[in-house]
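J.:
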Amino acid sequence: MSNCLPDKTTLYAANKQVADTDDIAAAQRFEKVFEQVVEQVKPAVVSITSVKVFKHTQQKQRKMPNDQYHSQPRPGPEQEEEQDPFRDFRDFFGDDFFDKFFKQRSPEGEYKVQGLGSGVIIDSEKGYIVTNNHVVEDADELKITLGDRREFDGKVVGTDPQTDIAVVKIEGKNLPSAKLGDSDTIRVGQWAIAIGNPFGLSQTVSIGVISATGRANVGVAQYEDMIQTDAAINPGNSGGPLVNIRGEIIGINTAIFTRSGGYQGIGFAIPVNMVKTIMRDLVEKGKVTRGWLGVVIQDITPDLAKSFNVSVTEGVLVSEIQENSPAKEAGFERGDIVVDYDGKPIRDVNHLRNVVAQTEIGKKAKVKVLREGKEKELMVKIGEQPADLFAAAPGAAPAGKDLGMTVQNLTKELAKSLGIEEDSGVIVSEVQPGSPAAVSEIREGDLIKEVNRKKISNVAEFKKALSEGDKEKGILMLVKRGEFSRYAIIKTKEK
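For the sequence shown, position 152 matches number 151 in numbering that gives the first Met the number 0, and the numbering has no gaps at all.
(1) Kindly indicate which three-state DSSP category E471 falls into: helix, strand or coil?
(2) Hey, V155 and V187: beta-carbon distance below 7 Å or not?
(3) Looking at the structure shown, is K490 part of a helix, part of a strand, or coil, going by DSSP?
(4) How big is the Cα-Cα spacing for G403 and I474?
(5) Going by alpha carbons, who is nearest to F53 out of I336, E328, E140, S123?
(6) Skipping 5 residues on each side, what residues in its chain have a beta carbon closer than 7 Å to that of F389?
(7) So is P344 buried or exposed if we call it buried at 16+ other beta carbons inside 10 Å?
(8) Pop quiz: I360 and T288 are said to be a contact at Cβ under 8 Å. What is the actual Cβ separation, rounded to whole angstroms?
(9) What is the DSSP secondary structure of G199, counted as helix, strand or coil?
(10) DSSP three-state call for L303: helix, strand or coil?
(11) List the endpoints of the continuous beta strand (DSSP E) containing N252.
(12) Alpha carbon to alpha carbon, what distance is there between I143 and I441?
(13) Could you give the first and the last residue of the continuous alpha helix (DSSP H) run that contains I277?
(14) Looking at V355: is its Cβ nearer than 7 Å to the Cβ of G293?
(15) Decide if E449 is buried, meaning its Cβ has at least 16 other Cβ atoms within 10 Å, or exposed.
(16) Rank E313, L115, V129, A329 by C-alpha distance to the C-alpha of L351 and give the top, closest one.
(17) For L369, which residues does DSSP report across the bridge?
(18) Alpha carbon to alpha carbon, what distance is there between A138 and Q57?
(19) Do A43 and I120 have their C-beta atoms within less than 7 Å of each other?
(20) Quick check: the Cα distance between E332 and S318, rounded to an integer number of angstroms?
(21) Here's the rule: buried if 16 or more other CB atoms are within 10 angstroms of the residue's CB, otherwise exposed. What is S117?
(22) Given this structure, state the Cα-to-Cα distance separating V32 from L200, to the nearest angstrom.
(23) Tell me whether Q384 sits in a helix, a strand or coil according to DSSP, three-state version.
(24) Alpha carbon to alpha carbon, how far is E443 from T405? Give it in angstroms, no decimals.
(25) Who pairs with I206 in a beta bridge, going by DSSP?
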């Protein structure tokens, strides 16, 4: 009877086969999700060919062996490199490759250079396409190609270089479109799918995860709050969508971090909620209007937090309130630490700048600040940002002889020569290289207005304030450079 029973090896093999079958079925179901997302979004992803026409004269041409024309001779010692903006491409790929793929022969006196990028249709009825500003910037012609190979002429509705967003319009029937999601709900570790046209390879799909959110200082635009992903993004992907597992657009692919010129696992996308705000302004008004608070701000460091007697590690410090600004009317004070704006906990300078900029003009926003260590609530009516106004202060610095700097009284003559309107404070006249002041980026010509939160009018008051402070723990100073003021801490080296 025992001979009728399967041995242990047979049972193990059978169970393993069942397990393998279950695993494969689960993987196939998971795989099906990605297939459905791609089928849903891919038709709305377009290829954008931008054409720039360059004018030149016959004298600047030289005949090439393959009977093509090169727009400029190679620069000699007496010639500027800028004569051919595409010299680097030619040197890397070779003249023949460049001319074949990027230059179009045109009537004598001009030549055309093509750029390739991506975009996504977000309004099928009106034909609106979202892409990057750098994809369409300065283009004389735009050709839009859909996944079904239909081609359209594109017209730029509006661009915003400060966020690198642009809206293009095409005229067509039965256009596909993709659904916009909510980038505020994404979390690190969630799936991310990038679709675009890298290197001109249309409708390319790559899959990764959300690696980080809130990335700034990427160097792409002035207003940055980037989504970081490891989904492969390469040249040509710019302007294409980054979507979630539900097939919703969560970002517009914009840039890569690379040392080789190609994909190295770090890509960046503009959050779709920022895109929505910019897109609405461009479509409705043809330009972007941004909210304005009217403060000069800086990140809160551990040393600054200690000096202001707070324990926060996030938030921004208000170092100056501009006259006739919404912040001035709302009762902001120098030294306030903004920790929450309109229900959003504030991380840093870039975060506050972004959320204020996206606030509707005229809206009343509730702002929580820490003042003298205590929480205070302010209501501010957001104004419209003046042209060319930036909220964050540039670098500034502090002072004293043992701190490696010397100061002098601010006279009327000195104030006039330096273009300073203030009538009190001390001017930094010298900074020793490598000193604590130099390390804190103090520069000659800086105006020191306060020491340890006390206003100073002359060198005597400056020295007295220094003597009352602890130079090893740090001297807090309010320093003005140009039009902006900021707080800074100077420490002597620990003994």
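Where is the CB? At the ideal position from N, CA and C, for every residue including glycine.
T.: For this structure:
(1) The sequence position of residue 471 within the sequence shown is 472, counting from 1. Correct three-state label for E471: coil.
(2) For the purposes of this step, residue 155 is identified with residue 156 of the sequence shown, where counting begins at 1. For the purposes of this step, residue 187 is identified with residue 188 of the sequence shown, where counting begins at 1. The Cβ-Cβ distance between V155 and V187 does not fall below 7 Å.
(3) Indexing the sequence shown from 1 puts residue 490 at position 491. Three-state result, K490: coil.
(4) What you label residue 403 is simply residue 404 of the sequence shown in a count that begins at 1. What you label residue 474 is simply residue 475 of the sequence shown in a count that begins at 1. The straight-line gap separating the alpha-carbon atoms of G403 and I474 is approximately 13 Å.
(5) Stepping through the sequence shown from its first residue, residue 53 is reached at position 54. Nearest C-alpha to F53: E140.
(6) Locating residue 389 in the sequence shown gives position 390, counting from the first residue. Here F389 scores only 40 on pLDDT, less than 50, and its place in the model is too uncertain to base an answer on.
(7) Here residue 344 refers to the residue found at position 345 of the sequence shown. Exposed, by the Cβ-count rule.
(8) Here the question's residue 360 lines up with position 361 in the sequence shown. Here the question's residue 288 lines up with position 289 in the sequence shown. Your pair I360 and T288 checks out as a contact, with CB atoms roughly 6 Å apart and the cut at 8 Å.
(9) Here residue 199 is taken as the residue at index 200 of the sequence shown, counted from 1. Helix, per DSSP.
(10) Taking the first residue of the sequence shown as 1, we reach residue 303 at position 304. The answer is helix: DSSP assigns L303 an H, G or I state.
(11) Taking the first residue of the sequence shown as 1, we reach residue 252 at position 253. Taken as a continuous stretch (DSSP letters only), the beta strand (DSSP E) holding N252 covers 247-255.
(12) One-based indexing of the sequence shown puts residue 441 at position 442. One-based indexing of the sequence shown puts residue 143 at position 144. If you draw a straight line from the Cα of I441 to the Cα of I143, it comes to about 52 Å.
(13) Counting from one through the sequence shown, the residue named residue 277 turns up at place 278. Residues 271-284.
(14) To locate residue 355, count along the sequence shown from 1; it is residue 356. To locate residue 293, count along the sequence shown from 1; it is residue 294. No.
(15) As a first step, residue 449 must be located in the sequence shown, where it is residue number 450. Around the beta-carbon of E449, 16 or more other beta-carbon atoms lie within 10 Å, marking it buried.
(16) The residue given as residue 351 occupies position 352 in the sequence shown. It is E313.
(17) Residue mapping note: residue 369 aligns to position 370 of the sequence shown, counting from 1. Beta-bridge partners assigned by DSSP to L369: I336, E374.
(18) Taking the sequence shown and counting its residues from 1, the one referred to as residue 57 is at position 58. Taking the sequence shown and counting its residues from 1, the one referred to as residue 138 is at position 139. Model confidence at Q57 stands at a pLDDT of 45, short of 50, so the residue's coordinates are unreliable; what they give is reported in the following sentence. Taken atom to atom, the span from the alpha-carbon of Q57 to that of A138 is near 23 Å.
(19) To locate residue 43, count along the sequence shown from 1; it is residue 44. To locate residue 120, count along the sequence shown from 1; it is residue 121. Yes, these two residues count as a Cβ contact at 7 Å.
(20) For the purposes of this step, residue 332 is taken as the residue at position 333 of the sequence shown. For the purposes of this step, residue 318 is taken as the residue at position 319 of the sequence shown. If you take the alpha carbons of E332 and S318, they lie about 8 Å apart.
(21) What you label residue 117 is simply residue 118 of the sequence shown in a count that begins at 1. Result: buried.
(22) As a position in the sequence shown, residue 32 is number 33, starting the count at 1. As a position in the sequence shown, residue 200 is number 201, starting the count at 1. When rounded, the distance between both Cα atoms is 23 Å.
(23) Counting from 1 along the sequence shown, the entry for residue 384 is found at position 385. DSSP places Q384 in coil when its eight states are reduced to three.
(24) For the purposes of this step, residue 405 is taken as the residue at position 406 of the sequence shown. For the purposes of this step, residue 443 is taken as the residue at position 444 of the sequence shown. T405 and E443 have their C-alpha atoms some 9 Å from each other.
(25) To locate residue 206, count along the sequence shown from 1; it is residue 207. Partner(s): I192.
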